[in-house]
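Asks: Handing you a structure now.
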Amino acid sequence: MHNYGYNLFQKKDILKNQESIIFKNLSEAIERSEIKDGMTISFHHHYRDGDLLLNMVMDLLAEKGLKDLILVVTSLRNHHKLGNHIKNGVINKIYTTGLRGKLGKLIKKGIMDHPVVFYSHGGRAAAIASGRIKVDIAFIAASIADQFGNINGVLGKSICGSLGYAKVDATYAKTVIAVVEKIASRPLEIVSIPQKHVDYIVQIDKIGESNKIATGSLRQQSNTRDLSIARQVAEVIISLENFKDGYSLQTGSGSISLGVNSFIENFMINKKIKGNFLLGGVTADHVNMLKKGLFNKIYDTQTFHPDAIESLKNNVHHQEIDAVTYASPFNKRALVNYLDFVVLSALEIDLNFNVNVLTAANGDFYGAIGGHSDTAAGAKVSIVTAPSYRGRIPSITEQVKTIVTPGHTIDILVTERGVAVNPARKDLLDQLKTNSKINLKKINRIYDEVIELTGKPEEVNHTGKVVGLVEYRDGSLIDVIYGEEL
Amino acid sequence: MKINKTASSGSMESSDIMITVSPAKEKGIIIELVSDVEELFGSKIKKVIRDTIKEFEIENIKVMANDKGALDYAIRARTKTAILRALKECSLNE
Amino acid sequence: MNNKLRRSMLYIPANNPAMIQDAFIYGADTILFDLEDSIAISEKDAARELLIEALNSLNFNNTEIAVRINSLDSKFGLKDLKSIVPIGPDIIRIPKIETKEQIIKIDKLITKLERKANLQPGFIEIMAMIETAKGVLNLEKIVASSERLSALTLGAEDLTTDMGIKRTSLGRELFLTRSKIALVAAAYKINAIDTVFSDFNDLNGLKKETLQSKELGFTGKAVIHPRQVDIVNHVFTPSQEEIEDAKEIVRQASQAEEFGKGVIAVKGKMVDLPILNRAKEIINKYEKREVIK
Chain A
75 MHNYGYNLFQ
85 KKDILKNQES
95 IIFKNLSEAI
105 ERSEIKDGMT
115 ISFHHHYRDG
125 DLLLNMVMDL
135 LAEKGLKDLI
145 LVVTSLRNHH
155 KLGNHIKNGV
165 INKIYTTGLR
175 GKLGKLIKKG
185 IMDHPVVFYS
195 HGGRAAAIAS
205 GRIKVDIAFI
215 AASIADQFGN
225 INGVLGKSIC
235 GSLGYAKVDA
245 TYAKTVIAVV
255 EKIASRPLEI
265 VSIPQKHVDY
275 IVQIDKIGES
285 NKIATGSLRQ
295 QSNTRDLSIA
305 RQVAEVIISL
315 ENFKDGYSLQ
325 TGSGSISLGV
335 NSFIENFMIN
345 KKIKGNFLLG
355 GVTADHVNML
365 KKGLFNKIYD
375 TQTFHPDAIE
385 SLKNNVHHQE
395 IDAVTYASPF
405 NKRALVNYLD
415 FVVLSALEID
425 LNFNVNVLTA
435 ANGDFYGAIG
445 GHSDTAAGAK
455 VSIVTAPSYR
465 GRIPSITEQV
475 KTIVTPGHTI
485 DILVTERGVA
495 VNPARKDLLD
505 QLKTNSKINL
515 KKINRIYDEV
525 IELTGKPEEV
535 NHTGKVVGLV
545 EYRDGSLIDV
555 IYGEEL
Chain B
115 MKINKTASSG
125 SMESSDIMIT
135 VSPAKEKGII
145 IELVSDVEEL
155 FGSKIKKVIR
165 DTIKEFEIEN
175 IKVMANDKGA
185 LDYAIRARTK
195 TAILRALKEC
205 SLNE
Chain C
12 MNNKLRRSML
22 YIPANNPAMI
32 QDAFIYGADT
42 ILFDLEDSIA
52 ISEKDAAREL
62 LIEALNSLNF
72 NNTEIAVRIN
82 SLDSKFGLKD
92 LKSIVPIGPD
102 IIRIPKIETK
112 EQIIKIDKLI
122 TKLERKANLQ
132 PGFIEIMAMI
142 ETAKGVLNLE
152 KIVASSERLS
162 ALTLGAEDLT
172 TDMGIKRTSL
182 GRELFLTRSK
192 IALVAAAYKI
202 NAIDTVFSDF
212 NDLNGLKKET
222 LQSKELGFTG
232 KAVIHPRQVD
242 IVNHVFTPSQ
252 EEIEDAKEIV
262 RQASQAEEFG
272 KGVIAVKGKM
282 VDLPILNRAK
292 EIINKYEKRE
302 VIK
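Residue numbers (the numbering used here), protein chains in the order written: chain A, 75 to 560; chain B, 115 to 208; chain C, 12 to 304.
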């Protein structure tokens, strides 16, 4: 028979894997993954402060004597134990969206040979999808798996909701180890990360603490200053042309955002306005708006409340999305590009509207980029909120300590002392002038008022070696962070 | 002027400062400051306390200041109140 | 005497720096710093000192400043007055006023203190708190006794205690007092400020009570929580339609004057002088637009 360019048929089993992919022991799965010194491993933080996996895996890898690993995480929160692994050479380099606390202080002191690289959620997704960052082994925490290796974060006991960031890791990593709490007795009815992306499943007793994914709800919060800022944000949004049927919105999970949601919700009901979609991190308030029919859809990258997990599980209009779909700068149809409004926070904002969400005035690492620069660039109107000072430290500065989000992508600043519009957006300013409830001021004026009140803080300029590199979402370098010591 | 006893004023709430003044064993104005914003405003805070004490022409005094991000006006007020309380004969305030 | 825009007066305990600093951001027409009931006896000195420093150095974005001092019958009242007058707040709210003699005495005292502080005598206004049955009966004499007296208000708790009755949610027990305060205030063209609604979580209850106050003739209401400011302002603000009507009245009236026309009618209603004046007042008060500073 002429083969027409094919291999000819021979009777044999191809790729029929009869051996179980399920391990009862994390250590065995790691052995099987053939991890080596210098490899790149990834983690995600959907369990937030309740994450147990990162420390667990790193302790094991240290025990096994591995060295020079490159850590590609979505965020670092309660992970000060990593300090030892850095000092002992287990970890050589870290990529993350955020850093704070004790680990931040150690890194500021210069314990790492390589600077920590900070990227945004969209920037991270783009770097992994484009192959700029090649992940050898992705560790994925999930509440449940089935025998085939399908996983999700909404069923089982310790649930976390969306696995949006981990979806990217699962798609592009060479090897994927999913660590779960429960193996379902039948095929999963909800599949977040499909079996084709999962190589090994490890079952452990406890994968994370669900109660630590939640952030406060509006009823619990009583910070009246935040509430007054939230009210101004709502006035700003409803005064702009983009606020109309079919609009889309992203608000975060901070107390100002929670306030904004509540004011906007009332206004939408009164004015009978129906939005198209809500995007990003999802709280109970977002879910309520969806339930009331105020929006068509929630696109969920990270879930912040048990009610939101419940909604993600049961409501077809509440959909989990991966970080490429959310915010990759190389994805023209990334959902951030369809946003009308995003409400963002800031540690510092300067007179050119540049925003810092990463380092505090005293130079400490104190926050995370998250989707800040992605949504600011994508949304038609980006609104940054901040109290004008916090415990005497002004939030408005001549120049931010670290540029995370460039000023040309920030349109409006809302503080308790007034609302400032980026001079490049005269169109927005004209629209806002029609609402007498909005206290419009120039940003320099707000700055002057605050400095008069607080006094100018002493400059804390670290002049040690570079301990952080800040990438913009397209992978370019936008700023560097200096440490305390050479 | 001279203070003969220990007195305090203020609170540990955000934007406030707790000032405790007492007679100094050593000479001069001795200020011990604990502050959330010490690196950024420490010397300013001490200066405000010192200037306020000087208005009373008190030469020897020990001040413990526990600051929670108070602005100058509050630092002045709390220092004054603490001194006035320490200057009183009895501990009842008017 | 005057009749300023005082829809909401936000009580701020004068011993709390964080609350003092943020007092102006909630949109209250008047910030009412309290040295009286919200301050513990042991902290009266600290609160007074803090308020003095705050008023001397903070900028409240031109919001009107009122200070409630302790009753002059207490051992703190006189000291409060002596330390607060020199800073020149817009209004001093004085509790437990029941006779004109009290007001005359206070007026003289303030004048003396104003002179000493190089303030224009008469600069500081007085708001009298009526908290006893006797005070209610003497209302007119009290108001007539001083040019400084620019607002009346009631202290409902003390009044009901004085009368030996209970405060109810319906508020019938305060009906006569409220009406009388509003009536006397209107007669003397001064503000009538209603007492606070204490349950700051019950915003519907607040709205209901505020609407009732407005119906009775009050021009504003004291509030104890920033959350209450919006509702009170809203109730005491004319609707956009009322403002537009007022503008139309003033426009037509000025045209009529220019062309020597006599009586005018707007929306089928005759416009006489009181209506024209009311229209002008509405525009003056409510058409102020914030401009970019």
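In this text, a Cβ means the ideal position worked out from N, Cα and C, and glycines have one as well.
Which partner residues does A:Leu353 have in the DSSP bridge list?
Replies: Position 279 of the first sequence holds residue 353 of chain A. Partner(s): A:Tyr373.
Asks: Is the Cβ of B:Gly124 closer than 8 Å to any Cβ of chain A?
Replies: Residue 124 of chain B sits at position 10 when you count from the first residue of the second sequence. No, no contact with chain A.
Asks: Taking 8 Å as the CB-CB cut-off, is B:Glu171 touching chain C?
Replies: Numbered from 1 along the second sequence, position 57 holds the residue referred to as residue 171 of chain B. Not an interface residue.
Asks: Comparing alpha-carbon positions, which option in A:Ile251, A:Ser284, A:Ser259, A:Ile257 lies nearest A:Tyr274?
Replies: One-based indexing of the first sequence puts residue 274 of chain A at position 200. Among A:Ile251, A:Ser284, A:Ser259, A:Ile257, the Cα nearest to that of A:Tyr274 belongs to A:Ile251.
Asks: Measuring alpha carbon to alpha carbon, tell me which of A:Leu418, A:Arg407, A:Asn362 ends up nearest A:His391.
Replies: For this step, residue 391 of chain A is matched to residue 317 along the first sequence. The option with the nearest alpha carbon to A:His391 is A:Asn362.
Asks: Against chain A, does B:Ile148 count as a neighbour if the rule is that its beta carbon must be under 8 Å from one of theirs?
Replies: As a first step, residue 148 of chain B must be located in the second sequence, where it is residue number 34. The sequence shown places Val at residue 148 of chain B, rather than the Ile named in the question. It does not: the Cβ of B:Val148 has no partner Cβ on chain A nearer than 8 Å.
Asks: Starting from B:Asn180, trace the beta strand (DSSP E) both ways and give me its first and last residue.
Replies: Within the second sequence, residue 180 of chain B is the residue found at index 66, counting from 1. Note, B:Asn180: beta strand (DSSP E), 175-181.
Asks: Within 8 Å (strictly less), CB to CB, does C:Pro28 reach chain B?
Replies: Within the third sequence, the letter at position 17 stands for residue 28 of chain C. Judged by the 8 Å Cβ criterion, C:Pro28 is in contact with chain B.
Asks: Would you call C:Phe35 buried or exposed, if buried means 16 or more other Cβ atoms sit within 10 Å of its Cβ?
Replies: Taking the third sequence and counting its residues from 1, the one referred to as residue 35 of chain C is at position 24. Buried.
Asks: Roughly how many whole angstroms lie between the Cα atoms of A:Gln376 and A:Gly238?
Replies: Walking along the first sequence from the start, residue 376 of chain A turns up at place 302. Walking along the first sequence from the start, residue 238 of chain A turns up at place 164. For A:Gln376 and A:Gly238, the distance between alpha carbons rounds to 6 Å.
Asks: Which ranges does the beta strand (DSSP E) cover as unbroken runs of at least 3 residues, wholly within the stretch 22-59 of chain C, from first to last along the chain?
Replies: Runs of the beta strand (DSSP E) inside the stretch 22-59 of chain C: 41-45.
Asks: Along chain C, which residues have their Cβ under 7 Å away from the Cβ of B:Lys194?
Replies: Taking the first residue of the second sequence as 1, we reach residue 194 of chain B at position 80. Simply Glu60.
Asks: Closer than 9 Å by beta-carbon distance: list the chain B residues that pair up with C:Ser68, in chain order.
Replies: Position 57 of the third sequence holds residue 68 of chain C. Residues of chain B passing the Cβ test: Leu185, Asp186, Tyr187, Arg190.
Asks: Are the stretch 169-189 of chain A and the stretch 229-237 of chain A touching by the rule of at least three beta carbon pairs closer than 8 Å?
Replies: Short answer: they don't touch.
Asks: With three or more C-beta pairs closer than 8 Å as the rule, is the stretch 175-186 of chain A touching the stretch 203-217 of chain A?
Replies: Too few Cβ pairs lie closer than 8 Å, so no.
Asks: Within 8 Å (strictly less), CB to CB, does B:Leu198 reach chain C?
Replies: Position 84 of the second sequence, counted from the start, is the residue given in the question as residue 198 of chain B. Yes, contact with chain C.
Asks: Could you name the residues of the stretch 513-546 of chain A whose beta carbon sits closer than 7 Å to any beta carbon of chain B, in the order they occur along the chain?
Replies: Flagged, chain order: Leu527, Thr528, Gly529, Pro531, Glu532, Val534.
Asks: Just to confirm, are C:Asp256 and C:Val277 a CB contact at a threshold of 8 Å?
Replies: As a first step, residue 256 of chain C is located in the third sequence; it is residue number 245 there, counting from the start. As a first step, residue 277 of chain C is located in the third sequence; it is residue number 266 there, counting from the start. Yes, the Cβ-Cβ distance between C:Asp256 and C:Val277 is below 8 Å.
Asks: With a CB to CB cut of under 7 Å and the five nearest residues on each side skipped, what residues in its chain are close to B:Ser87?
Replies: The structure shown has nothing for residue 87 of chain B, since chain B only spans 115 to 208.
Asks: How long is the line joining the alpha carbons of A:Gly196 and A:Val242, rounded to whole angstroms?
Replies: Within the first sequence, numbered from 1, the residue matching residue 196 of chain A stands at position 122. Within the first sequence, numbered from 1, the residue matching residue 242 of chain A stands at position 168. Roughly 11 Å between the two C-alpha positions.
Asks: Shorter than 8 Å from the beta carbon of B:Ile128 to some beta carbon of chain C?
Replies: Mapped onto the second sequence, residue 128 of chain B falls at position 14. The question names Ile, but residue 128 of chain B in the sequence shown is Ser. So, interface residue.
Asks: Apart from the five residues just before and just after C:Ile322, which ones in its own chain have a Cβ nearer than 7 Å to its Cβ?
Replies: Outside the displayed range of chain C (12 to 304) lies residue 322 of chain C, so it cannot be described from this structure.
Asks: Under 7 Å, CB to CB, which of the residues in the stretch 34-57 of chain C have a partner in chain A?
Replies: Those residues of the stretch 34-57 of chain C that come within reach of chain A (Cβ to Cβ, closer than 7 Å) are Ile36, Tyr37.
Asks: Which residues mark the beginning and the end of the alpha helix (DSSP H) in which A:Glu384 is found?
Replies: Sequence index remark: in the first sequence, residue 384 of chain A carries index 310 (1-based). Residues 380-388.
Asks: Helix, strand or coil: how does DSSP classify A:Gly444 here?
Replies: Taking the first sequence and counting its residues from 1, the one referred to as residue 444 of chain A is at position 370. Three-state result, A:Gly444: coil.
Asks: Per the DSSP calculation, A:Phe117 is bridged to which residue(s)?
Replies: As a working note, residue 117 of chain A is residue 43 in the first sequence. Answer by DSSP bridge pairing, in chain order: A:Val147.
Asks: Assess, as a yes-or-no matter, whether the stretch 488-507 of chain A is touched by the stretch 148-167 of chain A under the definition of 3 or more beta carbon pairs within less than 8 Å.
Replies: These segments do not touch.
Asks: Taking the alpha carbon of B:Tyr187 as the point to measure from, which residue in C:Glu64, C:Glu158, C:Lys119, C:Met140 has its own alpha carbon closest?
Replies: Taking the second sequence and counting its residues from 1, one reaches residue 187 of chain B at position 73. Of the candidates C:Glu64, C:Glu158, C:Lys119, C:Met140, the one whose C-alpha sits nearest the C-alpha of B:Tyr187 is C:Glu64.
Asks: Expressed to the nearest angstrom, what Euclidean distance is found between the alpha-carbon atoms of C:Ala155 and B:Lys158?
Replies: For the purposes of this step, residue 155 of chain C is identified with residue 144 of the third sequence, where counting begins at 1. For the purposes of this step, residue 158 of chain B is identified with residue 44 of the second sequence, where counting begins at 1. So the alpha carbons of these two residues sit roughly 51 Å apart.
Asks: Alpha carbon to alpha carbon, how far is C:Tyr22 from C:Ile204? Give it in angstroms, no decimals.
Replies: Here residue 204 of chain C corresponds to residue number 193 of the third sequence, with the count starting at 1. Here residue 22 of chain C corresponds to residue number 11 of the third sequence, with the count starting at 1. Rounded to the nearest angstrom, the two C-alpha atoms are 13 Å apart.
Asks: Using CA coordinates, which residue listed in A:Phe369, A:Ala199, A:Glu255, A:Ala258 is at the minimum distance from A:Tyr563?
Replies: Nothing about residue 563 of chain A can be reported from this structure: the residues present for chain A run from 75 to 560 only.
Asks: Using the beta-carbon count (16 or more within 10 Å), is C:Thr179 buried or exposed?
Replies: Residue mapping note: residue 179 of chain C aligns to position 168 of the third sequence, counting from 1. C:Thr179 comes out exposed.
Asks: Report the CB separation of A:Leu418 from A:Ala450 in whole angstroms; it is logged as a contact under 8 Å.
Replies: The count along the first sequence starts at 1 and reaches residue 418 of chain A at position 344. The count along the first sequence starts at 1 and reaches residue 450 of chain A at position 376. Right, the Cβ-Cβ distance comes to about 6 Å (below 8 Å), so this counts as a contact.
Asks: Express the C-alpha separation of C:Ile52 and B:Cys204 in angstroms, rounding to a whole number.
Replies: Here residue 204 of chain B refers to the residue found at position 90 of the second sequence. Here residue 52 of chain C refers to the residue found at position 41 of the third sequence. Any reading at B:Cys204 must be qualified, since the residue scores a pLDDT of 49, below 50, and its modelled position is unreliable; no value is offered.
Asks: Suppose only complete runs of 4+ residues qualify. What are the alpha helix (DSSP H) ranges in the stretch 178-204 of chain C, listed by chain order?
Replies: Whole alpha helix (DSSP H) segments, 4+ residues: 186-198.
Asks: Considering A:Gln562, what are the terminal residues of the beta strand (DSSP E) in which it resides?
Replies: Past the boundaries of the shown model lies residue 562 of chain A; chain A is included only from 75 to 560, so the question cannot be answered.
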